[in-house]
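As you go down the protein sequences, you meet chains A and B in turn. Every letter in the first sequence is one number past the one before it in the working numbering, and letter 262, counting from 1, is 262. Every letter in the second sequence is one number past the one before it in the working numbering, and letter 144, counting from 1, is 1144. All residues carry an ideal CB built from backbone N, CA and C; glycine is no exception.
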Amino acid sequence: MATSCPSPAELTERTYSPEPLLGHPGKLLKALVDDLLAGRELAWRLFVRDLSAQYRQTCFGYLWAFLPPLVASLTFIFLNSQGIVEIDTGAVPYAAFAMMGTLLWQGFVDAVTSPVQTLSAAKPMLAKINFPREAILLAGFYMVLFNFAIRMVLLVGVMLWWHVPVSGGLAFFPVALAGLLLCGSAIGLALAPIGTLYGDVSKSIPIFAQFLMLLTPVVYPARTDGLAGWLATWNPISPLIVTARETLSGQDLTLLLPFAIVTIASGLITLAGLIAFRLAMPHLIARMGG
Amino acid sequence: MLTTITPVEKPLNAPRSASAPARSEEVLVDVRHVSKKFCRDLKRSLWYGMKDVLSEMNPWQKKSAARSAESLPDESDLRAGEFWAVHDVSFQLRRGECLGLIGHNGAGKTTLLKILNGLIKPDSGSVTMRGRIGALIALGAGFNPILSGRENIYINAAILGISKKEIDEQIDSIIDFAEIREFIDAPVQSYSSGMQVRLGFAVATAMKPDVLILDEVLAVGDAAFRAKCFKRIGSIAKDCAIIFVSHDQSQMARICTQAMLMASGRRLYYGTTAEAIDQYNAAQAAKSGTAYTLHTHEAIQSFELLESSPPKTVQAGSPLTLKMKIKSQKHLPVGIAFINFVDLAATTVGQADFSSHLEAIPEGESEISLTIDRVDLAQGIYSLNLAIFAGNKVETLVHGVSCAQVNVAGAPYMWCAYKMPLGAVNVQNAQS
């Protein structure tokens, strides 16, 4: 333990005062970047911890990652095959179409849920230890990516089984996926400060997600007329889902401009959300007790 | 075994001896007029939290809303239902110094530590911390029960900001310190709570902090491990500034170079450790009788411990006489009768057993007088618990918890509750 201490010049100095941090945007951004970098190792460790713990105590393990989208799409495959709802999906078989839609949608919902969920789980730690808290968000995002990667296996199987046509557009899929997950994260981050204070947020996300799924062309193709057509244009998630699926199934990308706009907006909101998270955290911890 | 640090009793801000290295002059913790408000009502607290978050994000927030470090907030700054959890607290700490925080639960100690640790923002005033901060507050935070001890060491270290390299170098000493070598690859959920705390402590002290925050962490674990922890802290102590919260007054008197007494978030006293402890004990004594609870048999009409308030002051080593008045409807045979002396840490440190002197509580009104020959207890406040059980040793006749308080004065701090009467002491040295 007895080692020489660093000279005073090396000591980092931290000041805590009620002064609003927004008054020094430069300092704020630097601290944010520093903590994000410092938090990478921690984020990875937390992710590995959560991952190993998540499936070590289950019988069916990773099957739980497939089930929600599988059940949702089976519902619509059943309804369509029995002629209860007639959905024409053109060249792509409906089952594959619905599967692709729900798998992508599940990834989006995971990204929305992740910040509030991981923050709530980390409350005891947040209330007592000072560490780069961005690591918690990052670890949550890694988990979203991981769960999506697992589902990709299912997706590949679906595409091979139903002979979904593939084209060069597939190369654009990672970009489309990034846009989709970025948008989910932006919404999730925006909800995080309120969601940490009030349990109402985490309770309402699944309900709204269900409703929003039907307002988005997830299990049906985007319309061009009527309310559904209006929603396909103005629901910001529509272009993301539609574009991601179009890249998968080798179709022409019809909503590229709205996709670009939503993705850039999501990126900006995510950055703003990270800053807001940083500003809000001391106030949120003050209300956590413990 | 223990590395003893002699408490340095010195007036505040007194210059250190000239021989001290210049490094020890640097102020590592600088707390200036810090205040923090809290709200007891949960719904309101959440709503205020919401408002605070929004105002924090408002870039047009009036600068004046954030108070300057020097202006002191008052009651008008509180919103409905709020109170000052910490109010106008200031202190400075240099390397090698240790500040003890004393106060009741809810006096604001933990809130102050959270502000120092950068977890929450002060509502006014400012805190400057220099160097690496180590906090022994939540030992084993982030432990995942399903993962192995080894995996958890790395996770916990990452949370505490200790790099993988530092842990790689010290992993063996960490495992040895925690005394869990044979279990290190077993899941942490199979560990006893003591083993988890040991592991947590070993990881948390693996770093070399400039400022160390200790909050009641040493109240856990067995005596042998506590001694080991104190040795470790003692070896870090000379190279860092420590803020120490404990209810163990003798540990505090031994380690701390200065102390602060807090009540309702305010600084009541700041200076020498001995004086802070005395003032705290005096304040405790003044509150005597508040926690007095009495349970009696239905045949007992009244019971009274005479002269129980204000607290009796007795010189250590001198006799103490207690008188009680009891009124009973019938003759009640007595099996066990005793008075326990309980110290502020709720440990029973002494007992006056008068079972054999009291065969029964007679019918009607009677007065019992009882003399203890020597009260050989350490200086401090003790509360008395009186218990009289019936002949079958099960039925309660009289059971009074904190029915009186005794202030033992005069003896210096002994780091113990009871002082053994000493016979001859002989030191032999092989070389002479």
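Going by the CB atoms, is the gap between residue j and residue i shorter than 8 Å?
| i | j | result |
| --- | --- | --- |
| B/Asn1156 | B/Val1127 | no |
| B/Lys1325 | B/Leu1306 | yes |
| A/Ala276 | A/Pro193 | yes |
| B/Met1260 | B/Phe1091 | yes |
| B/Phe1341 | B/Val1349 | yes |
| B/Phe1230 | B/Arg1198 | no |
| A/Met288 | A/Ala178 | no |
| B/Leu1093 | B/Leu1099 | yes |
| A/Val242 | A/Ala228 | no |
| B/Lys1037 | B/Ala1085 | yes |
| A/Pro115 | A/Leu138 | no |
| B/Ala1186 | B/Val1211 | no |
| B/Ala990 | B/Gln1170 | Residue coverage of chain B in this structure runs from 1001 to 1432, which leaves residue 990 of chain B outside it and unanswerable. |
Name, please, each residue of chain A whose Cβ falls closer than 8 Å to the Cβ of residue i.
| i | result |
| --- | --- |
| B/Val1188 | Simply none; closest approach about 11 Å. |
| B/Gly1049 | Leu197, His283, Leu284, Ala286 and Arg287 |
| B/Lys1164 | Glu41 |
Is the shortest distance between the beta-carbon of residue i and the beta-carbons of chain B less than 8 Å?
| i | result |
| --- | --- |
| A/Gly143 | Per the sequence presented here, residue 143 of chain A reads as Met, with Gly not at that position. No, A/Met143 lies away from the interface with chain B (no Cβ there is under 8 Å from its Cβ). |
| A/Pro124 | yes |
| A/Glu41 | yes |
| A/Lys203 | no |
| A/Lys27 | no |
| A/Leu63 | no |
| A/Leu279 | yes |
| A/Ala53 | yes |
| A/Leu240 | no |
| A/Tyr198 | yes |
| A/Arg45 | yes |
| A/Pro206 | no |
| A/Arg291 | Shown here, chain A extends from 1 to 290; a query on residue 291 of chain A therefore has no answer. |
Check each candidate in the options and name the one with the smallest Cα separation from residue i.
| i | options | result |
| --- | --- | --- |
| B/Ser1235 | B/Gly1380, B/Lys1208, B/Lys1109 and B/Phe1091 | B/Lys1208 |
| B/Ser1264 | B/Asn1429, B/Asp1077, B/Lys1109 and B/Ala1080 | B/Lys1109 |
| A/Ala53 | B/Gln1196, B/Tyr1280, B/Glu1304 and B/Gln1189 | B/Gln1189 |
| B/Thr1296 | B/Cys1256, B/Ile1361, B/Lys1323 and B/Tyr1269 | B/Ile1361 |
| A/Leu145 | A/Trp64, A/Phe208, A/Phe47 and A/Trp162 | A/Phe47 |
| B/Ile1381 | B/Asn1426, B/Lys1312, B/Ser1356 and B/Glu1367 | B/Lys1312 |
| A/Val153 | A/Leu67, A/Ala265, A/Pro165 and A/Leu29 | A/Leu67 |
| B/Glu1367 | B/Leu1028, B/Glu1097, B/Lys1327 and B/Arg1130 | B/Lys1327 |
| B/Tyr1191 | B/Pro1145, B/Val1217 and B/Asp1176 | B/Pro1145 |
| A/Ala258 | A/Ala280, A/Asn235 and A/Arg278 | Checking the displayed sequence, the identity of residue 258 of chain A turns out to be Pro instead of Ala. Of A/Ala280, A/Asn235 and A/Arg278, the residue nearest in Cα terms is A/Asn235. |
| B/Ala1080 | B/Gly1118, B/Arg1040, B/Leu1116 and B/Trp1060 | B/Arg1040 |
| B/Lys1330 | B/Gln1249, B/His1104, B/Ser1318 and B/Ser1302 | B/Ser1302 |
| B/Ser1250 | B/Gln1170, B/Phe1201, B/Ala1276 and B/Glu1026 | B/Ala1276 |
Do we get a CB-CB distance below 8 Å when we pair residue i with the residues of chain A?
| i | result |
| --- | --- |
| B/Val1394 | no |
| B/Ala1069 | For B/Ala1069, the pLDDT reaches just 45, beneath the cut-off of 50, and the residue's location in the model is therefore unreliable, although a value from the coordinates is still provided. Cβ-Cβ to chain A under 8 Å: yes for B/Ala1069. |
| B/Asp1052 | yes |
| B/Tyr1191 | no |
| B/Ser1090 | no |
| B/Tyr1154 | yes |
| B/Gly1142 | yes |
| B/Ile1159 | yes |
| B/Asp1172 | no |
| B/Ser1064 | In this prediction, B/Ser1064 scores a pLDDT of 47, lower than 50, which makes its location untrustworthy; the coordinate-derived value is nonetheless stated afterwards. No, B/Ser1064 lies away from the interface with chain A (no Cβ there is under 8 Å from its Cβ). |
| B/Thr1004 | Summary for B/Thr1004: the model assigns pLDDT 39, below 50, so the residue's position carries little reliability; its value from the coordinates is reported in the next sentence. B/Thr1004 does not count as touching chain A. |
| B/Ser1045 | yes |
| B/Lys1312 | no |
| B/Lys1323 | no |
| B/Pro1421 | no |
| B/Asp1123 | yes |
Give the residues of chain A in contact with residue i, contact being defined as C-beta atoms less than 7 Å apart.
| i | result |
| --- | --- |
| B/Ile1120 | Pro282, Ile285 and Ala286 |
| B/Asn1117 | Asn130 |
Please list the partners that residue i has in chain A, where partner means a Cβ-to-Cβ separation under 9 Å.
| i | result |
| --- | --- |
| B/Ser1126 | Thr15, Tyr16, Ser17, Pro18 and Glu19 |
| B/Leu1072 | Here the premise fails: no neighbours, minimum Cβ distance about 13 Å. |
Using a Cβ cut-off of 8 Å, pull out every chain B residue sitting near residue i, in sequence order please.
| i | result |
| --- | --- |
| A/Gln57 | Ile1146 |
| A/Thr12 | Arg1130, Gly1131 and Arg1132 |
| A/Pro193 | Val1053 |
Run down chain B in chain order and give the residues with a C-beta less than 7 Å from the C-beta of residue i.
| i | result |
| --- | --- |
| A/Lys295 | A query on residue 295 of chain A cannot be resolved here, the shown segment of chain A reaching from 1 to 290 and no further. |
Using a Cβ cut-off of 9 Å, pull out every chain B residue sitting near residue i, in sequence order please.
| i | result |
| --- | --- |
| A/Leu22 | Glu1056, Met1057, Asn1058, Pro1059 and Gln1061 |
| A/Arg133 | None at all; the shortest Cβ gap to chain B is about 10 Å. |
Mind listing which residues of the region 255 to 277 of chain A have their C-beta closer than 7 Å to chain B's C-betas, in chain order? Across the region 255 to 277 of chain A, CB contacts with chain B closer than 7 Å involve Ala276, in sequence order along the chain.
Within 7 Å of chain B by C-beta, residues of the region 104 to 115 of chain A in sequence order: Those residues of the region 104 to 115 of chain A that come within reach of chain B (Cβ to Cβ, closer than 7 Å) do not exist; the list is empty.
May I ask you to list, following chain order, the residues of the region 1189 to 1214 of chain B that have a beta carbon less than 7 Å from some beta carbon of chain A? Within the region 1189 to 1214 of chain B, the residues whose Cβ lies closer than 7 Å to some Cβ of chain A are Lys1208 and Asp1210, listed in chain order.
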